[in-house]
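**Student:**
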Amino acid sequence: QKEVEQNSGPLSVPEGAIASLNCTYSDRGSQSFFWYRQYSGKSPELIMFIYSNGDKEDGRFTAQLNKASQYVSLLIRDSQPSDSATYLCAVRLEAGNMLTFGGGTRLMVKP
Amino acid sequence: GAGVSQSPSNKVTEKGKDVELRCDPISGHTALYWYRQRLGQGLEFLIYFQGNSAPDKSGLPSDRFSAERTGESVSTLTIQRTQQEDSAVYLCASSLGAAYYEQYFGPGTRLTVT
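Line order of the protein sequences matches chains A and B.
Residue 5 is where the first sequence starts when you use our numbering, and the numbers rise one by one after that.
Residue 499 is where the second sequence starts when you use our numbering, and the numbers rise one by one after that.
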C-alpha cells in the first residue's frame, strides 16, 4: 500500500467550475499536509499547507483535512485554464522532515 | 531574491559512468533536500541535510548514491556507475529550518542514462 495515494486522473472540469482533488495517507503519525502544483517540465510550487482538522482557505483554494479519515483535499473554485497542471499531495510525519509525495493528479480545465 | 539553483539542467550520460549534480540553496536556508522524480511519478525523497547535523540518508536507493554538503551551502549528489533506471529528474529543495517550514524547489536536473 502506497503511503500517499492520489487518483492520477486526468480530472477534467470546465472553466469556472470547482475542481476537487483528493488524497489519502496511511501513516496516522502524519502531522502536516501540503499541496504542490507542478506544470509540465517545471518544478513543484507550494499552493497551501494545513496542519489542523477542518478547512483552510486562500483565495480560490481551500484545503480540507480530516485526520480521523486520513484524508486531505484541495478545492479550486472558479477554475481557470491556467490551473491546468499536476497537483501533488505531500505529507510530513511528526518525527521526520522530508515530505512523502503522492503520485499526483493531473487537472485539465477546459475553456 | 535568488531561488534554489541546480546544475546542470540536463545531463546525458552512458551507463556505467559517474555523474555529479549540484544544488545551490537559498541563502540562509539551513535545510536542504534531494528528491527524485521519475517520468509521470511523484517525488521520492533521497537525502536531507540540516545544518551541521548528520544527514538523513534513509531515502538513498543504493550505495551508488551519495551526497555531500559543506556547512549550509552548496550540495552535490553523486551517482556512481549509473544505470538506466537512474534516469529521472533530480530535484533539490531548501527551507529555513527543519519541520514546519516551506520547502522551495529548484528547477531540477534531468538525467538520462543511455
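Even glycine gets a Cβ: it sits at the ideal position worked out from N, Cα and C.
1. Does A:N57 have its Cβ less than 7 Å from a Cβ in chain B?
2. What does the Cβ neighbour count give for B:Q582, buried or exposed, with the cut at 16 atoms within 10 Å?
3. Can you list, in chain order, the stretches of the beta strand (DSSP E) that have 3 or more residues and sit fully within the stretch 570-603 of chain B?
4. For the beta strand (DSSP E) containing A:K60, name the first residue and the last one.
5. Note down, in chain order, every chain A residue with its Cβ under 7 Å from the Cβ of B:G540.
6. Decide yes or no for the touch test of the stretch 60-79 of chain A against the stretch 502-521 of chain B: beta carbon pairs closer than 8 Å, at least 3 of them.
7. Could you name the residues of the stretch 25-47 of chain A whose beta carbon sits closer than 7 Å to any beta carbon of chain B, in the order they occur along the chain?
8. With a threshold of 7 Å between beta carbons, is B:E570 in contact with chain A?
9. Judging by CA-CA distance, which residue of B:S505, B:R536, B:R520, B:L594 is the nearest neighbour of B:S585?
10. Measuring from the CB of B:I545, is there a heavy atom of the ligand ADP at a distance below 6 Å?
11. Under the rule that 16 or more other beta-carbon atoms within 10 Å means buried, what is A:Y55, buried or exposed?
12. So if DSSP puts A:V113 in a beta bridge, which residue, or which two residues, is it bridged to?
13. Do B:Q504 and A:G107 have their C-beta atoms closer together than 7 Å?
**Tutor:** Answer, in terms of the structure:
1. no
2. exposed
3. 573-577, 586-593
4. 58-62
5. L92, F105, G106, G107, G108
6. no
7. S36, S47
8. no
9. B:R536
10. Among the components modelled here there is no ligand, and therefore nothing to report on the ligand ADP.
11. exposed
12. A:V17
13. no
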